[in-house]
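For reference, the structure discussed in these notes is given below.
Numbering (this note's numbering), first residue to last: 1012 to 1232.
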């Protein structure tokens, strides 16, 4: 009989906590986890109780959530497989870039200890995902930037390091506008009262809402 995939909901919760705390460097609370998973707060509360019982998460007196050592290791394993799946889909199968996150989410639980090294070998041991995130366990070489495009000032030059990967419509917008990891740009204007930032990118001027700009992480040039 084929091996069955188990604990999908728990893995999704762990990887969500990992992404918020590690990738986005933000505080994790139950309401934020519920929003990202698209489920009711009561359901998240029950799930967190189970994860805490299994010693996969810690919850402090202020209700802030963090991963235990075991929880972090499990989350990293799933995030690694997810990002390898993204690379496989985009680089080998030719899937549109903006579709990769959702499709990889369907694949990540099916990658096993047997198939994972075969995928790594076929891909040439990638170190980052198509969206610019480091693949856990690879030789990425430098820490994630905490700087967002929304925090830049007029005249700043920067390079896109990574983009928020979990909203397909946002990714389609980024794809249409040429907003990809590795792309360099200059900030022409910041208008906080209009809620916009104007950048020079790929030889043209582009106006972004601050909400979209907040979901782009950059390296200063």
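Think of the CB as a built atom: it goes at the ideal place given N, C-alpha and C, for glycine as much as any other residue.
Bounds of the alpha helix (DSSP H) holding residue 1055 are 1052-1064.
A check of alpha carbon separations from residue 1065 across 1085, 1072, 1052 and 1137 identifies 1085 as the nearest. Residue 1067 and residue 1081 do touch by the CB rule: their CB atoms are close to 6 Å apart, below 8 Å. Its Cα nearest to that of residue 1146, the residue 1173 stands out among 1173, 1050 and 1165.
In this model, residue 1212 and residue 1230 are separated by some 15 Å (Cα to Cα). Per DSSP, the continuous beta strand (DSSP E) segment holding residue 1227 begins and ends at 1227-1231.
Taking a 10 Å sphere around the C-beta of residue 1175, we find 16 or more other C-beta atoms and assign the residue as buried. Counting the other Cβ atoms within 10 Å of the Cβ of residue 1036 gives fewer than 16, which makes it exposed. When the Cα atoms are used, residue 1191 and residue 1047 turn out to be separated by approximately 23 Å. Only residues of its own chain outside the window of five on either side were considered, and among them 1208 and 1209 have a CB closer than 8 Å to the CB of residue 1202, listed in chain order.
One thing to note: residue 1141 has its Cβ within 7 Å of the Cβ of residue 1108.
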